[in-house]
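Chemist: What follows is a structure written as structure tokens; I'll ask about it next.
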Amino acid sequence: MKVIIHGGFFSESHTDAGTKLAKQEAMSAIVKAAYEYLKEHTALETVAYAVTLLEDDTLFNAGTGSQIQSDGKIRMSAALMDGATQKMSGVINIEEVKNPIQVAVKLMPFDDRVLGGGGATNFARYNGFEAFSTEIPQRRAEYEAKLEIKGLGTVGCVALDATGNIAVATSTGGKGFEMPGRISDSATVAGNYANAFCGVSCTGVGEDIVSNATAAKIVTRVTDGMPIKEAFAKTFEELKPYDGFAGAIAIDRDGNICHQDSHPSMVYASYDGEEMELFG
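Here the sequence shown is numbered in this note's numbering, starting from 740 and rising by one per residue.
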């Protein structure tokens, strides 16, 4: 059993040492909690649980603390995928829900499993998800000051459970100040993909990740027999022609954990019950 999570990127240009330490402590606590949860739950249940914890932490740009778009509204996206069934469910540009990932979980049994905009929000309301503002004062201040901060804050989790099943979940509050209607990578197979061989969750600039089909490429290459580290190296090499900004975390069916970023530094933590690796 293994778990790896990410919390977007850490940029020295707009986060200080105190924030870095806070994120390290939060990632450590969340990955340990997710591992304990994994002992009694499936990989699919665990990735949803871990991403919910990340959405609830205001340090990360997903759920509470999401970025504000150019029209002053917050729209979020989230998805999860079960490697065993290869079913994916997700919400795109959903508004005023506390945990977008839980709405994605609710969608999993339906035939129409990926909903966007008003349809996603209406589905949430109909299924008991109450209206909840995910805005925090820091985000409003950034919006009003029109700060040019790159939105690099997606959260995600990949888990391998005791039965060998892999699942992945990803959630984002957007890049901030974007055009309303913009689609992120998080609820697409470019940013969130799993099968029986491998699971990958991405973070970074969504347009770059989609252009490279990053998660799907890595999983496909591992499925075809390429070692996970080589699959990462080849896929990230393909970002270079357009200076693509991306990071990814993954676990394969043999329990190999891999992570890589094209620009420093992705916030991540992995745990297998004994050893923890934490971004530095």
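All C-beta atoms, glycine included, are put in the ideal place defined by N, C-alpha and C.
Tell me which residues share the same chain as residue 863 and place their Cβ nearer than 7 Å to its Cβ, disregarding the 5 neighbours each side in the sequence.
Modeler: So the qualifying residues of the chain are 833, 836 and 842.
Chemist: Grab the span of the alpha helix (DSSP H) containing residue 798 for me, first residue to last.
Modeler: Premise fails: residue 798 is in no alpha helix (DSSP H) and is neither H nor E.
Chemist: Between the alpha carbons of residue 963 and residue 970, how many angstroms are there, rounded?
Modeler: Distance between the alpha carbons of residue 963 and residue 970 is about 10 Å.
Chemist: With a threshold of 16 other CB atoms inside 10 Å of the CB of residue 810, please say whether the residue is buried or exposed.
Modeler: Exposed, because fewer than 16 other Cβ atoms sit within 10 Å of the Cβ of residue 810.
Chemist: Keeping to the same chain, check which residues put their C-beta closer than 8 Å to that of residue 846; ignore five residues upstream and five downstream.
Modeler: Contacts found: 828, 829, 830, 852, 853, 854 and 862.
Chemist: Hey, quick one: how far does the beta strand (DSSP E) through residue 832 stretch, first residue to last?
Modeler: Run containing residue 832: 826 to 833, per the beta strand (DSSP E) assignment.
Chemist: To the nearest angstrom, report how far apart residue 883 and residue 857 are at their CA atoms.
Modeler: One C-alpha to the other measures close to 25 Å.
Chemist: Could you tell me whether the region 868 to 880 touches the region 951 to 965, where touching means 3 or more Cβ pairs closer than 8 Å?
Modeler: Cβ pair count under 8 Å is below three, so no.
Chemist: Mind reading off the beta-carbon distance from residue 937 to residue 958? Whole number of angstroms is fine, and I expect it under 8 Å.
Modeler: Indeed, because the Cβ distance is near 5 Å, the residues count as touching under 8 Å.
Chemist: Between the C-alpha atoms of residue 1002 and residue 781, what's the straight-line distance to the nearest angstrom?
Modeler: Rounded to whole angstroms, residue 1002 to residue 781 spans 33 Å at the Cα level.
Chemist: Using the DSSP secondary-structure output, state which residues sit across from residue 860 in a beta bridge.
Modeler: Residue 860 is not bridged to any residue.
Chemist: Is the region 781 to 799 touching the region 891 to 899, taking contact as three or more C-beta pairs under 8 Å?
Modeler: The answer is yes - the region 891 to 899 touches the region 781 to 799, with three or more Cβ pairs under 8 Å.
Chemist: Go ahead and pull the three-state DSSP assignment for residue 951.
Modeler: Correct three-state label for residue 951: helix.
Chemist: Apart from the five residues just before and just after residue 795, which ones in its own chain have a Cβ nearer than 8 Å to its Cβ?
Modeler: Counting only Cβ-Cβ distances below 8 Å, and skipping sequence neighbours, we find 802, 803, 837 and 838.
Chemist: What does a CB cutoff of less than 6 Å around residue 859 pick up in its chain, not counting 5 residues either side in sequence?
Modeler: So the qualifying residues of the chain are 830 and 833.
Chemist: With H, G and I counted as helix, E and B as strand and the rest as coil, what does DSSP make of residue 902?
Modeler: It is coil, neither helix nor strand.
Chemist: Going by alpha carbons, who is nearest to residue 880 out of 806, 953 and 987?
Modeler: Residue 806 is the option with its Cα nearest to residue 880.
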